[in-house]
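*Asks:* Starting off with a structure, shown below.
2 protein chains.
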Amino acid sequence: MVKSMTTTPARTSVTLADVAALAKVSTSTASLAYRRTGSITERTRARILAAAAEIGYAGPNPTARSLKSGRSGIVGIIIAGTVRRAFQNPVAMATMAGLSEALDDIDVGQLLLSHRSESGDRSARLLDGMPVDAVVFLTRGEEFDGILPSMRARRLAMVGVEGPHEEGVTLVDIDDASGMAVLARHVRDLGHRRVGVVMRSTRIDANGPPGPFEAIDADLDSISNRTIRERLRAVASVFPDAVRVEAGGRELDSGEIAAGRLLDQAVRPTAILAQNDMLAVGALRAAAARGIEVPRDLTVTGFDGADLPLLGRRLTTVEQPLHERGLQAGRMVGELLAGGAPSSIVLPVAFREGDTSGPPR
Amino acid sequence: MVKSMTTTPARTSVTLADVAALAKVSTSTASLAYRRTGSITERTRARILAAAAEIGYAGPNPTARSLKSGRSGIVGIIIAGTVRRAFQNPVAMATMAGLSEALDDIDVGQLLLSHRSESGDRSARLLDGMPVDAVVFLTRGEEFDGILPSMRARRLAMVGVEGPHEEGVTLVDIDDASGMAVLARHVRDLGHRRVGVVMRSTRIDANGPPGPFEAIDADLDSISNRTIRERLRAVASVFPDAVRVEAGGRELDSGEIAAGRLLDQAVRPTAILAQNDMLAVGALRAAAARGIEVPRDLTVTGFDGADLPLLGRRLTTVEQPLHERGLQAGRMVGELLAGGAPSSIVLPVAFREGDTSGPPR
DNA sequence: GCCCACTATCGAAACGATGCGATTCGCATC
DNA sequence: GATGCGAATCGCATCGTTTCGATAGTGGGC
Numbered sequence: 002m003v004k005s006m007t008t009t010p011a012r013t014s015v016t017l018a019d020v021a022a023l024a025k026v027s028t029s030t031a032s033l034a035y036r037r038t039g040s041i042t043e044r045t046r047a048r049i050l051a052a053a054a055e056i057g058y059a060g061p062n063p064t065a066r067s068l069k070s071g072r073s074g075i076v077g078i079i080i081a082g083t084v085r086r087a088f089q090n091p092v093a094m095a096t097m098a099g100l101s102e103a104l105d106d107i108d109v110g111q112l113l114l115s116h117r118s119e120s121g122d123r124s125a126r127l128l129d130g131m132p133v134d135a136v137v138f139l140t141r142g143e144e145f146d147g148i149l150p151s152m153r154a155r156r157l158a159m160v161g162v163e164g165p166h167e168e169g170v171t172l173v174d175i176d177d178a179s180g181m182a183v184l185a186r187h188v189r190d191l192g193h194r195r196v197g198v199v200m201r202s203t204r205i206d207a208n209g210p211p212g213p214f215e216a217i218d219a220d221l222d223s224i225s226n227r228t229i230r231e232r233l234r235a236v237a238s239v240f241p242d243a244v245r246v247e248a249g250g251r252e253l254d255s256g257e258i259a260a261g262r263l264l265d266q267a268v269r270p271t272a273i274l275a276q277n278d279m280l281a282v283g284a285l286r287a288a289a290a291r292g293i294e295v296p297r298d299l300t301v302t303g304f305d306g307a308d309l310p311l312l313g314r315r316l317t318t319v320e321q322p323l324h325e326r327g328l329q330a331g332r333m334v335g336e337l338l339a340g341g342a343p344s345s346i347v348l349p350v351a352f353r354e355g356d357t358s359g360p361p362r
Numbered sequence: 002m003v004k005s006m007t008t009t010p011a012r013t014s015v016t017l018a019d020v021a022a023l024a025k026v027s028t029s030t031a032s033l034a035y036r037r038t039g040s041i042t043e044r045t046r047a048r049i050l051a052a053a054a055e056i057g058y059a060g061p062n063p064t065a066r067s068l069k070s071g072r073s074g075i076v077g078i079i080i081a082g083t084v085r086r087a088f089q090n091p092v093a094m095a096t097m098a099g100l101s102e103a104l105d106d107i108d109v110g111q112l113l114l115s116h117r118s119e120s121g122d123r124s125a126r127l128l129d130g131m132p133v134d135a136v137v138f139l140t141r142g143e144e145f146d147g148i149l150p151s152m153r154a155r156r157l158a159m160v161g162v163e164g165p166h167e168e169g170v171t172l173v174d175i176d177d178a179s180g181m182a183v184l185a186r187h188v189r190d191l192g193h194r195r196v197g198v199v200m201r202s203t204r205i206d207a208n209g210p211p212g213p214f215e216a217i218d219a220d221l222d223s224i225s226n227r228t229i230r231e232r233l234r235a236v237a238s239v240f241p242d243a244v245r246v247e248a249g250g251r252e253l254d255s256g257e258i259a260a261g262r263l264l265d266q267a268v269r270p271t272a273i274l275a276q277n278d279m280l281a282v283g284a285l286r287a288a289a290a291r292g293i294e295v296p297r298d299l300t301v302t303g304f305d306g307a308d309l310p311l312l313g314r315r316l317t318t319v320e321q322p323l324h325e326r327g328l329q330a331g332r333m334v335g336e337l338l339a340g341g342a343p344s345s346i347v348l349p350v351a352f353r354e355g356d357t358s359g360p361p362r
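Chains as they are written, first to last, in this note's numbering: chain A, 2 to 362; chain B, 2 to 362.
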């Protein structure tokens with residue numbers, strides 16, 4: 002069912018003119034009753050508001066106001082993939098929480114714009130048809146390049162979290178590489194030499210079996226997702242001999258399957274460096290299913306520092322300031338809308354030792 | 002065409018009139034090039050689109066279009082409490098996923114409207130100032146009554162999930178009571194006689210210590226939250242002697258503390274019926290902390306059937322069709338926007354036996 | 001070659017509110 | 001009672017698009 006914005010007749014609504022007529026003032030005066038600026042007698046204002054109440058006027062029409070002011074007061078939040086998946090992703094949610102908090106403070110509405118819908122491809126139509134003053138790229142997605150031109154044409158303020166690294170997008174970036182390097186060195190210092198890496202799928206419509214075993218630095222340059230690439234590179238700098246497996250999808254289960262493949266080798270790794278926390282949880286589960294005890298028999302690490310209250314244990318990982326990066330993105334939106342030109346920033350990360358890592362047996 | 006006057010932001014934009022001028026047609030013809038209806042030569046359309054591309058016209062201004070059509074194509078999703086907390090709540094998220102899916106299908110945008118912001122009270126201003134065609138109450142909140150009049154005045158289509166039970170709101174309701182009754186009977190049939198109930202806080206700004214022990218039916222009528230009330234009533238019908246404790250907040254930790262109080266009694270219950278899954282997880286944790294084994298020493302049940310992949314075990318609970326209720330709410334929005342008058346529905350729930358319940362020792 | 005029936009295009013009037021510049025009002029002062 | 005002045009109110013153009021009714025153009029039938 003596709004609805005058309007055009008065929009339906011406008012709802013008969015009460016307008017400011019009606020209020021003005023009832024209150025026996027001009028519409029411009031009636032308007033004054035609702036604005037902050039301009040001078041109007043308290044008596045007149047009261048009369049106008051009374052008239053408004055009498056005929057059930059709900060206040061100035063937001064659309065008309067927007068047309069006049071050129072501002073909608075709405076920020077589009079662009080999500081790679083589907084809204085559903087984003088909502089299942091603790092990293093995205095933590096960022097979103099920070100972003101919401103900041104956007105709340107500057108009194109702008111938050112419009113969710115998924116780049117793809119559940120039932121297939123999201124037409125650019127929805128994206129283009131929405132009255133937004135600015136957009137925030139909440140999660141990094143390769144698919145964004147296609148929609149950038151249209152946003153530039155609209156002269157929208159653009160803020161990105163971890164990308165896209167494109168002209169005109171103010172960025173909140175994360176120091177992924179150095180964080181992952183610290184973590185890898187920690188694992189090496191524990192004594193590990195045989196490590197496996199479980200990485201996120203680089204395919205857009207990822208779903209299926211895990212990829213083959215590959216050398217850690219195989220084809221690194223061809224990975225367009227900067228986040229994935231830089232994290233791998235950091236691991237490679239410490240463990241040039243590591244083996245990597247690409248999970249078949251982005252969900253927990255894919256991580257479990259991929260990690261399982263690593264664990265089922267004749268000579269299995271003593272440490273699995275998962276490229277994010279969800280994959281690490283999958284690895285923990287794969288270990289549990291095989292009676293492998295963590296951290297005694299296996300070290301498992303993640304990345305992100307997501308809040309996983311249900312997990313019941315504390316992952317050794319690298320903590321990103323997830324909430325903070327949302328806040329910063331929100332702040333940037335505010336500055337851009339106010340006419341400023343905030344500069345991009347790179348936020349630091351912090352290694353966190355949990356109870357999933359230890360020396361090899 | 003520079004038109005930055007004084008205070009208004011300088012957003013000099015390219016308009017349809019500019020395109021028309023360049024293509025040497027009238028603006029009405031230029032408009033035709035972007036519409037589905039109306040007749041226009043393919044040649045002319047091509048010329049217009051070429052002109053548009055040349056001067057970087059990004060397509061019709063959504064705000065102006067909305068003003069003319071009386072429709073914004075945006076649905077407001079109203080969240081009780083803060084956006085942040087909603088995002089941490091698996092029940093709300095599952096519902097949201099279904100809702101998003103349905104709203105995607107009818108090509109409407111999704112605007113998040115939290116009733117309260119992180120930093121304090123949400124002014125009605127934001128809510129009132131947003132150009133929405135309809136609103137969906139995603140989660141039940143006592144605070145909604147205050148904003149209903151304004152929505153009625155705006156003649157917005159209104160759809161609610163589990164409330165508010167108010168005139169003009171089309172509802173997707175859940176058969177809470179009978180589901181909870183089935184679950185309670187199951188626990189009774191297992192042989193349990195001494196049961197404790199952990200319930201959600203009824204305070205809006207809940208945070209603090211758990212409430213006192215109370216009889217299950219103490220003051221039931223004074224609980225305005227229908228969901229909480231009906232679930233409790235159902236338990237009371239099976240276990241008139243049950244003791245209830247109100248958690249101090251809505252988070253996991255509050256559930257743990259409240260359940261801990263029940264477990265620390267001299268004679269502790271053999272079963273804890275938590276009023277939702279998160280509280281049940283809290284109860285599991287309280288039990289684990291005390292070396293009480295579930296289900297051998299204690300039966301713990303929840304309500305909702307939320308997807309908790311990180312938990313690692315399967316809660317005995319009542320499954321709501323969470324995704325489905327979101328879908329249904331979305332469908333209702335579509336029908337209302339199309340001029341229909343869908344009727345409210347009540348969705349069934351299903352008892353699900355997990356591995357957290359068993360006979361008392 | 002004339003008239004008719006289309007159809008592509010155009011002009012102008014909305015949609016509902018805002019804000020500039022002009023006008024009127026109220027009132028104190030001379 | 002006339003004058004001056006600030007404050008309150010008003011009229012009108014405007015934001016960018018859509019759409020209705022009017023007009024010009026095209027081609028076919030006879």
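Just so you know, even glycine gets a beta-carbon here, dropped at the ideal spot from N, CA and C.
1. On the criterion of 16 or more Cβ atoms from any shown chain inside 10 Å, does arginine 251/A qualify as buried, or is it exposed?
2. Once the 5 residues before and after glutamate 56/B are set aside, which same chain residues still bring their CB inside 7 Å of it?
3. For valine 20/A, which of helix, strand or coil comes out of DSSP?
4. What is the rounded straight-line gap between the Cα of leucine 299/A and the Cα of alanine 272/A?
5. Kindly list, in the order they appear in chain B, the residues whose Cβ is closer than 8 Å to that of threonine 64/A.
6. Looking at the C-beta of glutamate 168/A, does it have a partner C-beta in chain B at a distance below 9 Å?
7. Taking only runs that begin and end inside the stretch 72-159 of chain B, name each unbroken beta strand (DSSP E) of 3 or more residues, in chain order.
8. Chain B partners of proline 165/A, CB-CB under 8 Å?
9. Which same chain residues end up closer than 7 Å to proline 91/B when comparing Cβ atoms and leaving out the 5 residues on each side of it in sequence?
10. Given a threshold of 16 other Cβ atoms within 10 Å of its Cβ, counted over all protein chains shown, does valine 170/B qualify as buried or as exposed?
11. What residues from chain A crowd round methionine 97/B, counting only those whose CB sits closer than 7 Å?
12. Taking the straight line between their C-alpha atoms, what separation do you get for alanine 216/B and valine 199/A?
13. Among Thr317/B, Thr357/B, Val334/B and Ala93/B, which has the Cα closest to the Cα of aspartate 106/B?
14. Please return the same chain residues whose Cβ sits closer than 7 Å to the Cβ of methionine 97/A, not counting the five positions on each side in sequence.
15. Return the chain-ordered list of same chain residues with a C-beta closer than 7 Å to the C-beta of glutamate 325/B, the five sequence neighbours on each side being excluded.
16. Along the stretch 238-271 of chain B, where does the CB come closer than 9 Å to a CB of chain A? Name the residues.
17. On the three-state DSSP scale, how would you describe alanine 351/B?
18. What three-state label does DSSP hand threonine 271/B in the structure shown?
19. Closest Cβ-Cβ distance between alanine 18/B and chain A: below 9 Å?
20. Within the chosen definition, does the stretch 169-186 of chain A reach the stretch 248-263 of chain A through at least 3 CB pairs nearer than 8 Å?
21. Below 7 Å on C-beta distance, what does glutamine 111/B contact in chain A?
22. Buried or exposed, going by whether 16 or more other CB atoms sit within 10 Å of the CB of serine 70/A?
23. Could you give the DSSP three-state label for glutamate 325/A: helix, strand or coil?
24. Is it right to say glycine 39/A is buried, meaning 16 or more other beta carbons lie within 10 angstroms of its own, or is it exposed?
25. With a 10 Å radius around its C-beta and 16 neighbouring C-beta atoms as the bar for buried, classify arginine 36/B as buried or exposed.
26. Can aspartate 222/B and arginine 230/B be called in contact, C-beta distance under 9 Å?
27. Rounded to whole angstroms, how far is the Cβ of glycine 383/B from the Cβ of proline 361/B, which I believe are closer than 8 Å?
28. Shorter than 9 Å from the beta carbon of leucine 311/A to some beta carbon of chain B?
29. Classify arginine 155/A: buried if its beta carbon has 16 or more other beta carbons within 10 angstroms, exposed otherwise.
30. Looking only at its own chain, which residues have a Cβ that is under 7 Å from the Cβ of arginine 286/B, when we skip the five neighbours before and after it?
31. Give the residues of chain A in contact with leucine 299/B, contact being defined as C-beta atoms less than 7 Å apart.
32. Can you list the residues of chain A that glycine 60/B reaches, using a CB-CB cut of under 7 Å?
33. Could you pull out every residue in the same chain whose Cβ sits closer than 8 Å to the Cβ of leucine 112/A, ignoring the five residues on either side in sequence?
34. Assuming aspartate 278/B is part of the alpha helix (DSSP H), what are its boundary residues?
35. What I want to know is whether the C-beta of threonine 30/A ends up closer than 8 Å to one or more non-hydrogen atoms of the ligand GDP.
36. Given this structure, state the Cα-to-Cα distance separating leucine 104/B from leucine 128/B, to the nearest angstrom.
*Replies:* Reading from the atomic positions:
1. Locating residue 251/A in the first sequence gives position 250, counting from the first residue. A buried status is given to arginine 251/A, since no fewer than 16 other beta-carbon atoms sit within 10 Å of its beta-carbon.
2. Indexing the second sequence from 1 puts residue 56/B at position 55. Checking the sequence, you will find isoleucine at residue 56/B rather than glutamate. Only Val15, Asp19, Val20 and Leu23 meet the Cβ criterion.
3. For the purposes of this step, residue 20/A is taken as the residue at position 19 of the first sequence. The answer is helix: DSSP assigns valine 20/A an H, G or I state.
4. Taking the first residue of the first sequence as 1, we reach residue 299/A at position 298. Taking the first residue of the first sequence as 1, we reach residue 272/A at position 271. About 5 Å.
5. Stepping through the first sequence from its first residue, residue 64/A is reached at position 63. Listed along chain B, the residues sitting closer than 8 Å to threonine 64/A by beta-carbon distance are Thr64, Ser67, Leu68, Ser73 and Pro132.
6. In the first sequence, counting from the first residue as 1, residue 168/A sits at position 167. It does not; no Cβ of chain B falls within 9 Å.
7. Along the stretch 72-159 of chain B, the beta strand (DSSP E) occurs as fully enclosed runs of 3 or more residues at 75-80, 110-115 and 135-138, listed in sequence order.
8. Position 164 of the first sequence holds residue 165/A. Within 8 Å Cβ-Cβ: nothing; proline 165/A doesn't reach chain B, min ~18 Å.
9. By 1-based counting over the second sequence, the position of residue 91/B is 90. If you ignore the 5 residues before and after proline 91/B, its C-beta comes within less than 7 Å of the C-beta of Ala307, Asp308 and Leu309, all in its own chain and listed in chain order.
10. Position 169 of the second sequence, counting from 1, holds the residue named residue 170/B. By the 10 Å Cβ count, valine 170/B comes out buried.
11. The residue labelled residue 97/B in the question sits at position 96 within the second sequence. Residues of chain A passing the Cβ test: Phe88.
12. Translated into the one-based positions of the second sequence, residue 216/B becomes position 215. Translated into the one-based positions of the first sequence, residue 199/A becomes position 198. In a straight line, the C-alpha of alanine 216/B is about 52 Å away from that of valine 199/A.
13. The sequence position of residue 106/B within the second sequence is 105, counting from 1. Comparing Cα-Cα distances from aspartate 106/B to each of Thr317/B, Thr357/B, Val334/B and Ala93/B, the minimum goes to Val334/B.
14. Here residue 97/A corresponds to residue number 96 of the first sequence, with the count starting at 1. Correct list, in chain order: Leu139 and Gly327.
15. Looking up residue 325/B in the second sequence gives position 324. Contacts found: Gly99 and Leu348.
16. Listed in sequence order: Glu252, Leu253 and Asp254.
17. Position 350 of the second sequence, counted from the start, is the residue given in the question as residue 351/B. Here alanine 351/B sits in strand by DSSP.
18. Start at 1 with the first residue of the second sequence, and residue 271/B comes out as number 270. Looking at threonine 271/B - three-state DSSP - the assignment turns out to be coil, as it is neither helix nor strand.
19. Taking the second sequence and counting its residues from 1, one reaches residue 18/B at position 17. Output row for alanine 18/B: interface = no.
20. Output reads no: the stretch 248-263 of chain A does not touch the stretch 169-186 of chain A.
21. Counted from its first residue, the second sequence places residue 111/B at position 110. Near glutamine 111/B (Cβ distances below 7 Å), the residues of chain A are Leu112 and Leu113.
22. Indexing the first sequence from 1 puts residue 70/A at position 69. Per the 10 Å Cβ criterion, exposed.
23. Locating residue 325/A in the first sequence gives position 324, where the first residue counts as 1. Glutamate 325/A falls in the helix class under three-state DSSP.
24. In the first sequence, residue 39/A corresponds to position 38, counting from 1. That one is exposed.
25. Numbered from its first residue, the second sequence carries residue 36/B at position 35. Exposed: under 16 other Cβ atoms inside 10 Å.
26. If you number the second sequence from 1, residue 222/B lands on position 221. If you number the second sequence from 1, residue 230/B lands on position 229. The answer is yes: Cβ separation under 9 Å.
27. Outside the modelled stretch of chain B, which goes from 2 to 362, sits residue 383/B, for which no answer is possible.
28. Your numbering for residue 311/A matches position 310 in the first sequence. Taking Cβ atoms only, chain B reaches closer than 9 Å to leucine 311/A, which makes this a yes.
29. As a working mapping, residue 155/A is identified with position 154 in the first sequence. With 16 or more other Cβ atoms within 10 Å, it is buried.
30. Numbered from its first residue, the second sequence carries residue 286/B at position 285. Cβ neighbours of arginine 286/B beyond the five flanking positions: Glu257.
31. Residue numbering aside, residue 299/B sits at position 298 when the second sequence is read from its first letter. Under the 7 Å cutoff, chain A gives no residues; its nearest Cβ is about 17 Å from leucine 299/B.
32. For the purposes of this step, residue 60/B is taken as residue 59 along the second sequence, with counting starting at 1. Taking the beta carbon of glycine 60/B as reference, the chain A residues within 7 Å of it are Asp129, listed in sequence order.
33. Locating residue 112/A in the first sequence gives position 111, where the first residue counts as 1. Cβ neighbours of leucine 112/A within its own chain (closer than 8 Å, five residues either side excluded): Ile75, Val76, Gly77, Ile78, Met131 and Val133.
34. Here residue 278/B refers to the residue found at position 277 when the second sequence is read from its first residue. First-last of the alpha helix (DSSP H) with aspartate 278/B: 278-290.
35. This structure does not include the ligand GDP; it has no bound ligands of any sort.
36. Your numbering for residue 104/B matches position 103 in the second sequence. Your numbering for residue 128/B matches position 127 in the second sequence. Spanning the two alpha carbons is a distance of roughly 20 Å.
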